[in-house]
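Asks:
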Amino acid sequence: MSNPWIAIGALAVVALAIPLTMMAVSSLLRPSVPEQGKRTTYESGEVPTGSSQQIKFNIQYYMVALLFVVFDIETVLIFPWTVIYSDAVAEVGMTKALLPMVAFIGILVVGLGWAWRNGAVQWVRSPRATKGADTYE
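Residue numbers 1 to 137, in the UniProt record's numbering, belong to the letters of the sequence shown in order.
#1: Express the C-alpha separation of Ala10 and Pro19 in angstroms, rounding to a whole number.
#2: For the pair the region 29-39 and the region 77-92, tell me if three or more CB-CB distances fall below 8 Å.
#3: If you follow the alpha helix (DSSP H) that Ile59 is in, where does it begin and where does it stop?
#4: Determine the closest residue to residue 170 out of Phe104, Val25 and Ser2, with distance taken between C-alpha atoms.
#5: Would you call the region 60-77 in contact with the region 106-119, where contact means no fewer than 3 C-beta pairs closer than 8 Å?
Shown next, in the form of structure tokens:
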């Protein structure tokens, strides 16, 4: 019987070899035409003016994306746990099977409470957007 680590090592070698080979072949085959336009920052077709220090970004978009990623990862981790829950309860008992998931969800609830308290989940509306938007006629 062969060693299972040989298969894992072979898979790791293939996983590294394929992208490295593709990058090497593409660097040899692609044309290299350095131009000023290729080295400039692309800003949705607009010519960038000024510095990025002058631009004020609304951090709310990033907070919503971050919360989405956190709760998406939560879903990815909870789903397999729910699949094996009955087998785990039968094997180690309800307390040992349920306690780690309750702790995990508790940490996430504390984080959500902190984000909510700090206003990370409240969407801030600009005065221009709310002008006349609250009246339903």
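For every residue, glycine included, the Cβ atom is placed at its ideal position computed from N, Cα and C.
Replies: To lay it out plainly:
#1: 15 Å
#2: no
#3: Element bounds for Ile59: n/a, residue is neither H nor E.
#4: With the chain covering 1 to 137 only, the question about residue 170 has no answer from this structure.
#5: yes
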